[in-house]
Each structure stands twice: as C-alpha cells, then as structure tokens.
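Protein sequences appear in the order of chains A and B. All residue numbers for the first sequence refer to my numbering, where the first residue is 93 and numbers rise by one. All residue numbers for the second sequence refer to my numbering, where the first residue is 3 and numbers rise by one.
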Amino acid sequence: DQQVKQNSPSLSVQEGRISILNCDYTNSMFDYFLWYKKYPAEGPTFLISISSIKDKNEDGRFTVFLNKSAKHLSLHIVPSQPGDSAVYFCAADNAGGTSYGKLTFGQGTILTVHP
Amino acid sequence: NAGVMQNPRHLVRRRGQEARLRCSPMKGHSHVYWYRQLPEEGLKFMVYLQKENIIDESGMPKERFSAEFPKEGPSILRIQQVVRGDSAAYFCASSPAATSEETQYFGPGTRLLVL
Numbered sequence: 093d094q095q096v097k098q099n100s101p102s103l104s105v106q107e108g109r110i111s112i113l114n115c116d117y118t119n120s121m122f123d124y125f126l127w128y129k130k131y132p133a134e135g136p137t138f139l140i141s142i143s144s145i146k147d148k149n150e151d152g153r154f155t156v157f158l159n160k161s162a163k164h165l166s167l168h169i170v171p172s173q174p175g176d177s178a179v180y181f182c183a184a185d186n187a188g189g190t191s192y193g194k195l196t197f198g199q200g201t202i203l204t205v206h207p
Numbered sequence: 003n004a005g006v007m008q009n010p011r012h013l014v015r016r017r018g019q020e021a022r023l024r025c026s027p028m029k030g031h032s033h034v035y036w037y038r039q040l041p042e043e044g045l046k047f048m049v050y051l052q053k054e055n056i057i058d059e060s061g062m063p064k065e066r067f068s069a070e071f072p073k074e075g076p077s078i079l080r081i082q083q084v085v086r087g088d089s090a091a092y093f094c095a096s097s098p099a100a101t102s103e104e105t106q107y108f109g110p111g112t113r114l115l116v117l
C-alpha cells in the first residue's frame, strides 16, 4: 500500500526555468510533509517542509504548496540550476500522533536540469 | 560537527552470512532511524531507536533482522542469514527529537549486495 506517491519517475527542465515536482498521498492522518534531495551514493538531504496548517512555505528558490483537499503537494524550484539535478523524495508523517518522526517516502522523481 | 556516519559504505555477503551495519548519529542526537531503499523504490522505515531502547520496529521483518543502539557506541542493524532479497541501500538518520518537525539527518548509506 503506497501511501505517498510520486507518479513522475523523471523530469527534465532547462536551466533557468521552473521545475515542478508533484506528490500525492492517501493517508488523511498525515499532517507534516517534507521534501528531500538525494545525489547518487549519498544520503537524502532535507530541503523544505510544510505543516498541514499551511498551504505554502517558501525558502529561497524552493516553494512547497499543499492542497489538503486534493491530498496533493508540489515542490517548485525557480530558477532551476544544473546543480539541482538529483532525485527528489516527498515524505510525510503524522507529527501530531505518536509516529515518533517515522517518515513515509514516495518513490522519488529524478530531476535533470540541462544547461 | 561531523554528520551521520555509516560503515561500511559497501558490504558484500554470500547467502547465509551475517551482515552488520553501523551508524554513528550526529553529536547530541539520541534518536536513530533506519530505512531501507530497494532498487527503484523510495526509502522504507524499518526501526526507530533511542539509546538502549527500541521504540518502534514496525517496519522491520520479524525474522533475521535486529537492531540495537547501546549506551556507548554506534547503532547496529544486524541481518542474519542474508538472502538475495536483502540487497538494498540501508540508510540511518538521526534527530535531536522524536518528531519529523525536527530535521532528520541522513548518513550516506550502506549498500549491501548479497551474492
């Protein structure tokens, strides 16, 4: 049962343009969402997060949007840079419950930013 | 402040052997999570430990897998009598608190290959 889904295995974008990565979830108990970035042979690195009490969170070039009614979130990267090329994972948690920070991850989307 | 350390980075075992994976959390972090990433999949939670205690092992197979986080030393994930299906990347993450609202910092992972 895949509770967090990233339906696009890959995304290719030109440098300077916007990258939009999408994520859907099915568990209505999830109330905290995170995006991680992962380079080959490295561990995931935290990028940005959002609580379910918000619908948008921005940090520099990265913005995460949350649509609770649609159980959908997206990560926008503007402008995209070649160094952004990596695998991006969406993750979710029931932070208000007793999950102890246990994260449920999507399958990942490979982002390639072309110079 | 050193990041999360994992060793070995690569481990090759024959079927039936034991695999021991080590994780040293970031300084000051007493919460450790282990995740497994099978090929072409996202990370899946295995176990959450605090010093000397297993808090949540709901993601860990009931047989052959065990984890510990002793008072002194690294956290250990042990896989006995490995099978080919155990081949995966194993990541540990550490956090200063047991909530996803505190950033989990991931190690570089141990890539286990079972021949």
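No residue lacks a Cβ here, since even glycine has one placed at the ideal position from N, Cα and C. Remember, predicted model here, so these are calculated numbers, not experimental data.
For Tyr117 (chain A), no chain B residue has a Cβ inside 7 Å of its Cβ, as the nearest lies near 12 Å away. Ala69 (chain B) is bridged by DSSP to B:Leu79. In chain order, Arg16 place their CB closer than 6 Å to the CB of Leu117 (chain B), counting only its own chain and leaving out the 5 sequence neighbours on each side. Counting the other CB atoms within 10 Å of its CB gives Val179 (chain A) a total of 16 or more, which places it among the buried residues. For Gly108 (chain A), no Cβ of chain B is located within less than 8 Å of the residue's own Cβ. Distance from Cys25 (chain B) to Gln8 (chain B) at the Cβ level is roughly 5 Å; contact confirmed, criterion being Cβ atoms closer than 8 Å.
For Phe154 (chain A), no chain B residue has a Cβ inside 7 Å of its Cβ, as the nearest lies near 15 Å away. Interface criterion met: the Cβ of Asp185 (chain A) is under 8 Å from a Cβ in chain B. Legend: CB atoms of the segment 52–70 of chain B lying less than 7 Å from CB atoms of chain A belong to residues Ile57 and Asp58.
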